C-alpha cells in the first residue's frame, strides 16, 4: 500500500519538501496522515470546522488535533460560520465548503513555509465526480475525474479505492471519525455512492480498477486534444485586455468549431446553448 503513496508523491513533488495535509478526521484523511508519516514526509495538519453538525463537528476537530499532537506535527484549525457565508455568497454547501477550505489551506501554506497541499481524494471520489458530471452533461474534461495534481495541490490517495482503505484501517486497527451526513441522501454525490455505484459493482465487481484504466484513457485523450486546441487558439485568437478576438475567416468552416469554442469559453461562463447561438449569429450574412 505504502509504495503506491510514495510513487504518487514523487510523481508530482519532491519527497523532501513540506506538505500541508487537509484532514477532516474521516477514513480517507486519517489514512493520508498515516501514509505520510510512514513515508517520512515533513507535514503539518490543517482542519476545517464548518460548524454544521454541532458536537460531531467539534469532536472531529478534537480528534484531528490529537492526531497531530500524537505525531508531533504542526496543527492548524479554523472555524467557519458556513451557513451565513453560503447565504452571503449564494453557493451550494459543497461548492461553498470547497472554496472556504482551499482558500484557507492556501493561506496556511503561504504563511507557514509549506510547498504543497495534500488532500485525501481516492478513486471512488473520482468515480462519483465522473458519474455526477456525466448525469448533468459535460465536456470531455468533466469526464476526466479529479486531477491528481493541480498547482500546489497533490492528491496521492487517488491510488486507492474506498473499499481497500476501509480494509487497511480494519487490518491495522486505525480509528477514524464517521460523518453522519455521509449516510444521508441529501446530496447528489451521496445518492450516487449509495445507489448507483452498488448497481454498477453488481455488473462489474472490479469497477474501481476498470474505472482507473478508463480514466487514464480519457485523461490522455483530453491532454492530446488540449495540445491541438492550444495550437488552434494561437492561430485564430488574439486578446486585447479582457477582450478575445476570434478570426471568423479561419474558424467559420472549421469542422469542430462548436467544440473549440466550448473548450475555450466555458471557463468564462459560456455554455453550449450560448455558443450555439453565437455560431448561428456569426453565420448570418
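In our numbering, the protein residues as written are 440 to 724.
C-beta atoms are modelled at their ideal positions from N, C-alpha and C, and glycine is treated no differently.
Fair warning: this is a prediction, and the values are worked out from it, not measured in the lab.
- Task: Sort 567, 561, 585 by Cα distance to residue 601 and report the nearest one.
- Result: 561
- Message: Please give me, in chain order, every unbroken run of the alpha helix (DSSP H) with length at least 4 that falls completely inside the region 559-627.
- Response: 562-575, 601-610
- Could you check what DSSP says for residue 481 in three-state terms: helix, strand or coil? strand
- Nearest to residue 478 by CA position, among 621, 457, 673, is which residue? 457
- Through-space distance from residue 631 to residue 570, alpha-carbon basis: 8 Å
- Query: Distance, Cα to Cα, residue 448 vs residue 532?
  - Reply: 30 Å
- Tell me residue 432's beta-bridge partners as DSSP assigns them. Since the first residue of the chain shown is 440 and the last is 724, residue 432 is not available in this structure.
- Using a Cβ-Cβ cut-off of 6 Å (strictly less than) and excluding sequence neighbours within five positions of residue 539, which residues of its own chain qualify? 519
- State buried or exposed for residue 574, treating a residue as buried only when at least 16 other CB atoms are found within 10 Å of its CB. exposed
- Query: So is residue 534 buried or exposed if we call it buried at 16+ other beta carbons inside 10 Å?
  - Reply: exposed
- Message: Tell me which residues share the same chain as residue 598 and place their Cβ nearer than 7 Å to its Cβ, disregarding the 5 neighbours each side in the sequence.
- Response: 443, 444, 447
- Query: With a Cβ-Cβ cutoff of 9 Å, do residue 701 and residue 578 count as a contact?
  - Reply: yes
- residue 554 and residue 453 closer than 9 Å at C-beta: yes
- Message: Rounded to the nearest angstrom, what separates residue 450 and residue 695 at their Cα positions?
- Response: 34 Å
- Option in 589, 685, 568 with minimal Cα separation from residue 628: 568
- residue 692 in three-state terms, based on DSSP: coil
- Task: Classify residue 456 as helix, strand or coil using the three-state DSSP reduction.
- Result: coil
- Query: With a Cβ-Cβ cutoff of 9 Å, do residue 536 and residue 521 count as a contact?
  - Reply: yes
- Message: Within the continuous beta strand (DSSP E) that includes residue 635, where are the two ends?
- Response: It is not in any beta strand (DSSP E) - residue 635 carries neither H nor E in the DSSP assignment.
- Would you call residue 592 buried or exposed, if buried means 16 or more other Cβ atoms sit within 10 Å of its Cβ? buried
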